[in-house]
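To start, the structure itself, in structure tokens.
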Amino acid sequence: MPELPEVETVRRGLAPAMEGARFTHVEARRRDLRWPLPKDFAKRLEGTTVEGLGRRAKYLLADLSSGDVLVMHLGMSGSFRVSHAGQERAPGNYHHERPKHAAHDHVVFHMSNGATVTFNDPRRFGSMKLVPRAKLEQEPLLRSIGPEPLGNEFDAAMLAKACAGKKTSLKAALSDQRVVAGLGNIYVCEALFRARLSPKRRASTIADRNGKPNGRAAALVEAIKTVLHDAIKAGGSSLRDHRRADGSLGDFQHNFQVYDCEGKPCPSCKGKVKRVVQTGRSTFYCPSCQK
DNA sequence: CCGCGGGCCTGAGAGC
DNA sequence: TGCTCTCAGGCCCGCG
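Each residue of the first sequence is one higher than the one before, counting from 187 in the working numbering.
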């Protein structure tokens, strides 16, 4: 899945189909997602209107007229597709059959504006949950998530404070949603490269003894914001699963400097990009540029 | 509390 | 061609 730029791309694609529209019919074709959908999932949605579609970290949040918030996560392989009445019928197919479901189409929203929004997720690490708006603050899935990296309040002081005293690596710290929201394996690698910091460096070394930020913290914040902005502008990265809601691919994978570039020349020094495994996941970096 | 490793799933791609 | 193996963008949980 999808890290922050991919989720934001999906949100922007879904918003025109969902905001201001009512769920006329909901199909919960498979309820055994990461967490089982409740039996009354479809019933609780039908008849309600989507007042807004937002995002927090890698979660999509649909604010509903019923007073619930529909919390959605794409897991590793989840995607949404939007289609409109008539569009799904192939030319020449004059039988008035219901459109066929593709494999792994688990949830289908039929909207009052004629849009059909389909959630597809082969690995089923994705999830949906209905949470009363008044209880959103206490929602365990969201409660301990750190600052939004593109928000004004996310700065060097905040990142340094979150990393101060951490014995773990910068790679692990930035991947921790409690430190900063929305980064995953790709954008952590890319941000560290742009900040010229080693993924193996101890996280605490971006702060001084009092938890105040140093130049490394400032460079890292700048790199995170830049890489996320650029990736959103490109519609996210399409490696295996991610597509925009209209089916088109994101473009940012062409701008990877190190991610998935093992053995290729570093764009900066022309040395070789190296792959190592940290906490069970691949890390890509340039050992000579990133210190 | 912290940090790590396992497990959840399916599919794509490499190697034989 | 077909089998087996490894790996994949995330995150919760239990362990030490």
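Glycine included, every Cβ here is placed at the ideal spot set by N, Cα and C. Computed from a predicted structure; not experimentally measured.
6 Å CB neighbourhood of residue i in its chain, flanking five on each side removed
i: Ala403; result: Ala342, Leu345, Ala346, Ile392
i: Arg387; result: Leu356
i: Leu231; result: Phe209, Val212
i: Ala405; result: Ala381
Close beta carbons around residue i, own chain, < 7 Å, minus the five adjacent residues each side
i: Thr465; result: Ala358
i: Arg241; result: Val193, Glu194, Arg197, Leu247
i: Asp291; result: Arg215, Thr304, Asn306
Pairwise C-alpha distance: residue j and residue i
i: Leu360; j: Gly272; result: 45 Å
i: Pro376; j: Lys229; result: In the sequence as displayed, the identity of residue 376 is Glu instead of Pro. So the alpha carbons of these two residues sit roughly 43 Å apart.
i: Asn279; j: His287; result: For Asn279, the predicted model reports a pLDDT of 48, less than 50, meaning its position is unreliable and no value from the coordinates is stated.
i: Cys472; j: Met297; result: 48 Å
i: Asp325; j: Val317; result: In the sequence on display, residue 325 carries Glu and not Asp. Whole-angstrom Cα-Cα distance: 8 Å.
i: Lys411; j: Val255; result: 28 Å
Beta bridge counterpart(s) of residue i as assigned by DSSP
i: Val444; result: Partner(s): none; Val444 has no beta bridge.
i: Ser265; result: Asn306
i: Leu246; result: Arg241, Met258
i: Tyr471; result: Lys460
i: Arg395; result: Note: Arg395 sits in no beta bridge, so no partner.
Any non-hydrogen atom of the ligand ATP within 7 Å of residue i CB
i: Val444; result: Of the ligands one can find in the structure shown there are none, so the ligand ATP has no counterpart to examine.
8 Å CB neighbourhood of residue i in its chain, flanking five on each side removed
i: Asp218; result: Arg310
i: Leu328; result: Arg242, Ala243, Tyr245, Val257, Leu322
i: Gly199; result: Phe266, Val268, Arg430, Ala431, Asp432
Neighbour-count burial assignment, residue i, 16 or more Cβ in a 10 Å radius
i: Arg364; result: exposed
i: Ser384; result: buried
i: Pro333; result: buried
i: Cys455; result: exposed
i: Ser424; result: buried
i: Pro451; result: exposed
Stretch-stretch touch, CB-based, cutoff 8 Å, three pairs: the segment 205-221 with the segment 232-244: yes
Cβ contact check for the segment 381-399 and the segment 319-339: 3 or more pairs under 8 Å: no
Cβ contact (3+ pairs, closer than 8 Å) linking the segment 211-221 and the segment 445-459: no
Cβ contact check for the segment 424-441 and the segment 258-270: 3 or more pairs under 8 Å: yes
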